[in-house]
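Have a look at the structure below, then the notes.
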Amino acid sequence: MQSMTINSRNIILVGPMGAGKTTVGKQIAIQLQKKFIDIDQELEKRTGVSINLIFEIEKEAGFRTRETAMLAELLQLENAVIATGGGIVGMEENRQLLQQTDGLVVYLKTEVKHQLKRLKRDKQRPLLQGEGRRERLLKLARMRNPLYDQVADVAFASGRTSSYGMAKKVVDHLKNPEKLKRIK
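20 is the number of the first residue of the sequence shown in this note's numbering; add one for each residue after it.
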């Protein structure tokens, strides 16, 4: 891990869907006066179509190719907070990009029960369509949680704290470099 300061370095948020990457990321960006970018929202803006439509037409493989290209591009920016999609760690190329960036990769950990509560009304996520959400989230957690841990410089448990409180916790930690060590 490189020297951890927060000046112009990017902060990249990883974690499962429903962990709060977008809402917490926006708050971190405000508190640190950085630009905020959500990879999924940026893909939708540039393509002019929804993530669901990309999945429908190009399947998950096509979406993941677009996501990798977007990640590589956004990691070249400075002074940004970047919220990734929950599946970003599924591709080896993305894990390598995240491990090689000079940005700080922050893992927002959450439990499936918190994901279910946050995603209860969400009809937009392609991997959550249909029945069996809990089982799908548990399966994704078993596959992805070790990968988030692998790429992260620091991790924070999200779930019981508001997005503002979670962002403040992350920012306070980042402002104290001596505290900036891996938390599991």
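All C-beta atoms in this analysis are idealised placements derived from N, C-alpha and C, irrespective of residue type, glycine included.
Note that the coordinates shown come from a computational prediction; the quantities given were computed from them, not determined experimentally.
Original post:
Hey, is I101 close to the ligand NAD, as in C-beta under 6 Å from one of its heavy atoms?
Top reply: The model on display carries no ligand, and the ligand NAD is accordingly not part of it.
Original post:
Per DSSP, what kind of secondary structure is A38 in: helix, strand or coil?
Top reply: Your numbering for residue 38 matches position 19 in the sequence shown. Here A38 sits in coil by DSSP.
Quick one: measure Cβ to Cβ for L117 and V43, integer angstroms, because I've assumed they're closer than 8 Å. Taking the sequence shown and counting its residues from 1, one reaches residue 117 at position 98. Taking the sequence shown and counting its residues from 1, one reaches residue 43 at position 24. No, L117 and V43 are not in contact; Cβ-Cβ is about 18 Å, not under 8 Å.
Q) Going by alpha carbons, who is nearest to N195 out of V173, R179, S182 and T180? A) Residue numbering aside, residue 195 sits at position 176 when the sequence shown is read from its first letter. Of V173, R179, S182 and T180, the residue nearest in Cα terms is V173.
Residues sharing a beta bridge with L93, DSSP: Against the sequence shown, residue 93 aligns to sequence position 74. Answer by DSSP bridge pairing: none, since L93 is not bridged.
key: Cross-strand partners of D57 (DSSP beta bridge)   = Residue mapping note: residue 57 aligns to position 38 of the sequence shown, counting from 1. According to DSSP, D57 bridges with A102.
Anyone know if the C-beta pair for A171 and V124 falls short of 7 Å? On the sequence shown, position 152 is the one that residue 171 refers to. On the sequence shown, position 105 is the one that residue 124 refers to. Yes, the pair counts as a contact, with Cβ atoms nearer than the cut-off.
inquiry  = Helix, strand or coil for K187? Go by DSSP, reduced to three states.
reply    = Counting from 1 along the sequence shown, the entry for residue 187 is found at position 168. Three-state result, K187: helix.
(Q) Would G39 and S182 qualify as a contact pair, given that the criterion is a beta-carbon distance under 7 Å? (A) Locating residue 39 in the sequence shown gives position 20, where the first residue counts as 1. Locating residue 182 in the sequence shown gives position 163, where the first residue counts as 1. Annotated as proximal: G39 and S182, with beta-carbon spacing under 7 Å.
Using 7 Å as the threshold, is the C-beta distance between T129 and I58 below it?
Here the question's residue 129 lines up with position 110 in the sequence shown. Here the question's residue 58 lines up with position 39 in the sequence shown. Going by C-beta atoms, T129 is not nearer than 7 Å to I58.
For V108, tell me which candidate among L166, K45, I30 and R28 has the shortest Cα-Cα distance.
Translated into positions along the sequence shown, residue 108 becomes position 89. Ranking L166, K45, I30 and R28 by Cα distance to V108 puts L166 first.
**Asked** Based on Cα-Cα distance, which residue from P35, R28 and R155 lies nearest to L94?
**Response** Numbered from 1 along the sequence shown, position 75 holds the residue referred to as residue 94. With distances taken between Cα atoms, L94 lies closest to R28.
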